[in-house]
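Novice: After the structure tokens below, expect a handful of questions from me.
Protein chains in written order, with full-length UniProt numbering: chain A, 1 to 473; chain B, 1 to 473.
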């Protein structure tokens, strides 16, 4: 536990002197900055909010805060789901959104240089207009790239293209002392000392503040096809997935969903997109698969091979969506899961546990069975291609908030334990933030968390950067 | 600078008690263990060599050495090129080669669990016999996988498949205290605290000792084709490479070579494999490209598109090798570069600098021009797809050894400076070891090297693990 100093008027003057943009104090700060997208982890009110326009401004503010032992938190779009972007220790919040420029494409080296406040969606669209794909594709398109890198955001396309980590070639970082440095390089290959770049990725603003990113892009695929594949049960559905990989069919995305959440989502969007009964057989689980490639003919070959494997392994049907509209339609229900859940429940918590892909069915069955012992509903869906599951605990008993929180704690502890027993991890893509902090030490163990604490102290000896996130000291 | 204790008879007894295998002391140690494959970086004689058979044995020996402040070095095949595997501070050398078991394939999750002393070649062959490719393919096939991970070895196929880093899912690690832990998981996606696994990769035995690895494998490609592509000059040759990537032709390997080294290599292997003059035009630079894929027809399509791009951009010819023997032949000269050089020179040093792929020609021209100022010959070749260059300084003036070393130092300093000016790094795949230590701080800067030193102290407070490698304290 660290003691921080309270911010003073003098410090605020110093910060105002150091930056070109607005500085908001106390009640001037818009309450949007008090929470992220998972309100159950609580809120936090920064003392000061600073609009940031350059690395030099970050450096100047960090220097002031480090000398005065004031907590600092860099905030992107506030779209996180773990409380990482919430100022639970007050102090200074850096609003990185004004740093929103796509600086330069280097098409021959296939990289793009961006500021950290650029929205994922803006880079994705801009790259596409030039014929390139920026592959990471988390559900929230209006997260900032700085935030994506800080959580190692994953998303649907991770199964083919990898996570955000795989697309960060280099970054400019401001250390808590206000010194500016660079980790990584444009080059794709390096064995030049310890891997500081990968340490920063996923460190959720606790080791340094990212002020510029050089990201890898790839040629945009020229054709895309999706398949909706109903199964009678989850076990058949999940056990088919490895067979697609072994046959090198290389899907861009492969999601699984159970009947219950599909029904909820279709009710929310107001139309039916998934078949519920085929030739008298009830569909209780689905795969939603997308393939991409450089030409349609090749893709239809892939499709044919995939369909054969799917049907051989128990798929009741195999519905092809091969026009942009049909693909959009097929994905509409999946894209609306979170909103559908959100619209139906007042109390909500979530985990994004990850297990080996061969263990998904066993794990989901375990979770569904365990869920019967609690006051809340449980709904889950996830990435069948990488084992990353989103498990929601849901209730409308608003007056039982504390009981809900307590029971969720117990439930999460049980299901994390099972995930680790199966070779999994706490978080596949959302990170640890504040919400999962208590589980990290328990499940990653003292040895690993002590190493993490040591690393935190090396980068941030005064512990001013995003305190009590990822790793508590 | 740290003071270590000398090993005593009591310590040797303790070590003998702790392990099941042989313990060699002083003159009993075979001199193969005194050096690696780059003798210019000197030799070192361990006091004790211990054959290691398990993580528990590593743990027991580390505990003894940590308590007694004795340097410890884990040694794989000794095939490194930077002195990382040389006991320059004496102490205890752990011979990891007895830990050479391929433990278990998990084909559904597409991973294989191995001991660190398995040779790359043994895993590659074994995986292939099961229909899988272990993609990392550094030149030296009889390196151990523990060594490959410890240097983040790259190799020819990195351009399509990435480096060793991209294939390490998890590892068991013994810390200097003798405690055993695990970093990573079978899962492909994780945002669960700081990335300790990637910190270990490329840390050259300075942070912990790897005692088990879970490595990703992929379905083996079913067809492979190579192209020999002569150009009149290096600039045309290099500037063509990004065009292949932009057109998503995704070569498995793409090497460039200049006429001089091809001639030297062909002389060494005793036959001609590359055309020297086509339709009256001299070939002065070559690309050697391999494509792989799932069926031959697709591959011929790729070949056709590639050939069109190559010829449009100045290739004088485009020779196809599409049978296993023809492919082997095409690669024979390239594979023999190092042996050819080795056979012709007594004094030899090397760097494996990496620059952005668009800067290769500019950089090689700079290096060739700069080389004129020194007593030695310079020959270079490299990976055109990732900018990783192998630049050799070569001389037969054995009596001028000290002058050679001094001039090489100056030369390396100049060419590293130019690499950094172009956005490059000291090492693409060989690592820092002992040989490049002096350059790391100069080129990576105080800020980054201080962070690395801090990290080293967190993992290894007594600094017993492979002292004065990667980062000197």
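For glycine and all other residues, C-beta sits at the position ideal for the given N, C-alpha and C.
Taking a cut of 8 Å between CB atoms, which residues from the segment 237-256 of chain B lie near chain A?
Specialist: The segment 237-256 of chain B vs chain A, Cβ under 8 Å: 242, 245, 246, 247, 248.
Novice: Would you tell me roughly how many angstroms separate the C-alpha atoms of residue 202 of chain A and residue 437 of chain A, rounded to the nearest one?
Specialist: Rounded to the nearest angstrom, the two C-alpha atoms are 14 Å apart.
Novice: Output, in chain order, the set of chain B residues within a Cβ distance shorter than 9 Å of residue 175 of chain A.
Specialist: Ordered by position in chain B, the residues that pass the 9 Å Cβ test against residue 175 of chain A are 447, 451.
Novice: Checking contacts by CB at 8 Å: is residue 340 of chain B closer than that to chain A?
Specialist: Output row for residue 340 of chain B: interface = no.
Novice: Would a C-beta distance cut-off of 8 Å place residue 132 of chain B and residue 217 of chain B closer than the cut-off?
Specialist: Yes, Cβ-Cβ distance for residue 132 of chain B and residue 217 of chain B is below 8 Å.
Novice: Grouping DSSP H, G and I as helix and E and B as strand, with all else coil, what is residue 182 of chain B?
Specialist: It is a strand residue.
Novice: Using C-beta distances below 8 Å, list every residue in its chain close to residue 169 of chain A, excluding the 5 sequence neighbours before and after it, in chain order.
Specialist: The residues are 111, 184, 185, 186, 187, 188, 214, 215, 216.
Novice: If contact means a Cβ-Cβ distance below 8 Å, which residues of the segment 395-424 of chain B contact chain A?
Specialist: So the list reads 423, 424, given in the order they occur along the chain.
Novice: Using a Cβ-Cβ distance cut-off of 8 Å, determine whether residue 329 of chain A contacts chain B.
Specialist: Residue 329 of chain A does not count as touching chain B.
Novice: Report the rounded CA-to-CA distance for residue 75 of chain A versus residue 402 of chain B, giving the unit in angstroms.
Specialist: For residue 75 of chain A and residue 402 of chain B, the distance between alpha carbons rounds to 55 Å.
Novice: Please list, in chain order, the residues of the segment 362-395 of chain A that have any C-beta partner in chain B closer than 9 Å.
Specialist: Cβ contacts with chain B: 383, 385, 386, 387, 388.
Novice: Which bits of chain A does residue 454 of chain B rub up against, with CB to CB less than 7 Å?
Specialist: What residue 454 of chain B touches in chain A: 458.
Novice: So, at 7 Å on beta carbons, what are the nonlocal neighbours of residue 160 of chain A in its own chain, with the 5 sequence-adjacent residues on each side left out?
Specialist: Counting only Cβ-Cβ distances below 7 Å, and skipping sequence neighbours, we find 250, 251, 252.
Novice: Is DSSP giving residue 48 of chain B helix, strand or coil here?
Specialist: Three-state DSSP puts residue 48 of chain B in a strand.
Novice: List, in chain order, every chain B residue whose beta-carbon is nearer than 8 Å to that of residue 27 of chain A.
Specialist: By Cβ distance, chain B contributes nothing, its closest Cβ being about 34 Å from residue 27 of chain A, past 8 Å.
Novice: Which partner residues of residue 226 of chain B appear in the DSSP bridge assignment?
Specialist: Answer by DSSP bridge pairing, in chain order: B:290, B:321.
Novice: With DSSP as the reference, label residue 382 of chain B as helix, strand or coil.
Specialist: Residue 382 of chain B falls in the strand class under three-state DSSP.
Novice: Could you check the C-alpha separation between residue 98 of chain B and residue 171 of chain A for me, to the nearest Å?
Specialist: In a straight line, the C-alpha of residue 98 of chain B is about 41 Å away from that of residue 171 of chain A.
Novice: Between residue 110 of chain A and chain B, is there a C-beta pair that is closer than 8 Å?
Specialist: Taking Cβ atoms only, chain B reaches closer than 8 Å to residue 110 of chain A, which makes this a yes.
Novice: Give the residues from the segment 199-229 of chain B that approach chain A closer than 7 Å (Cβ to any Cβ), ordered along the chain.
Specialist: Per Cβ criterion, the list reads 199, 201, 202, 203, 219.
Novice: Check distances from the C-beta atoms of the segment 185-198 of chain A to those of chain B and list, in chain order, the residues that come in under 8 Å.
Specialist: Those would be 185, 186, 187, 188, 189, 190, 191, 192, 193, 194, 195, 196, 198, in chain order.
Novice: Please decide whether residue 83 of chain A counts as near chain B, where near means a Cβ-Cβ distance under 8 Å.
Specialist: Taking Cβ atoms only, chain B never reaches closer than 8 Å to residue 83 of chain A, which makes this a no.
Novice: Ignore the nearest five residues each way along the sequence and tell me which others in residue 358 of chain B's own chain have a CB closer than 7 Å to its CB.
Specialist: Within the same chain, residue 358 of chain B has close Cβ partners 242.
Novice: Given a threshold of 16 other Cβ atoms within 10 Å of its Cβ, counted over all protein chains shown, does residue 49 of chain B qualify as buried or as exposed?
Specialist: So residue 49 of chain B counts as buried.
Novice: Measuring straight from C-alpha to C-alpha, what distance separates residue 475 of chain B and residue 290 of chain B?
Specialist: Because residue 475 of chain B is not part of the residues shown, which for chain B are 1 to 473, the question remains open.
Novice: Residue 294 of chain B touches chain A at which residues, Cβ-Cβ below 8 Å?
Specialist: Within 8 Å Cβ-Cβ: 248.
Novice: What does the alpha-carbon distance come out to for the pair residue 227 of chain A and residue 144 of chain A?
Specialist: Between residue 227 of chain A and residue 144 of chain A, the C-alpha separation is close to 30 Å.
Novice: Go to residue 388 of chain A, then tell me how far its beta strand (DSSP E) extends in each direction, as first and last residue.
Specialist: Residues 388-395.
Novice: Using a Cβ cut-off of 8 Å (strictly closer), state whether residue 440 of chain A contacts chain B.
Specialist: So, interface residue.
Novice: To which residues does DSSP link residue 92 of chain B through a beta bridge?
Specialist: B:48, B:72.
Novice: When DSSP labels each residue in this structure, what does residue 404 of chain B get in the three-state scheme?
Specialist: Helix at residue 404 of chain B.
Novice: Scan the segment 317-362 of chain A and note each continuous beta strand (DSSP E) run of 3 residues or more that stays entirely inside, going in chain order.
Specialist: Entirely contained in the segment 317-362 of chain A, the beta strand (DSSP E) runs reaching 3 residues are, in chain order, 319-321, 347-351.
Novice: Please report how far the alpha carbon of residue 466 of chain A lies from the alpha carbon of residue 454 of chain A, in whole angstroms.
Specialist: Cα to Cα, residue 466 of chain A sits roughly 16 Å from residue 454 of chain A.
Novice: Which residues in chain B sit within 9 Å of residue 158 of chain A, going by Cβ to Cβ distance?
Specialist: Result: 188, 189.
Novice: Assuming the contact rule is C-beta atoms closer than 8 Å, residue 389 of chain B and residue 379 of chain B should be a hit. Round their C-beta distance to whole Å, please.
Specialist: So it is not a contact: roughly 11 Å between Cβ atoms.
Novice: Would you mind sorting residue 20 of chain A into buried or exposed? The rule is 16 or more other CB atoms within 10 Å of its CB.
Specialist: Burial call: exposed.
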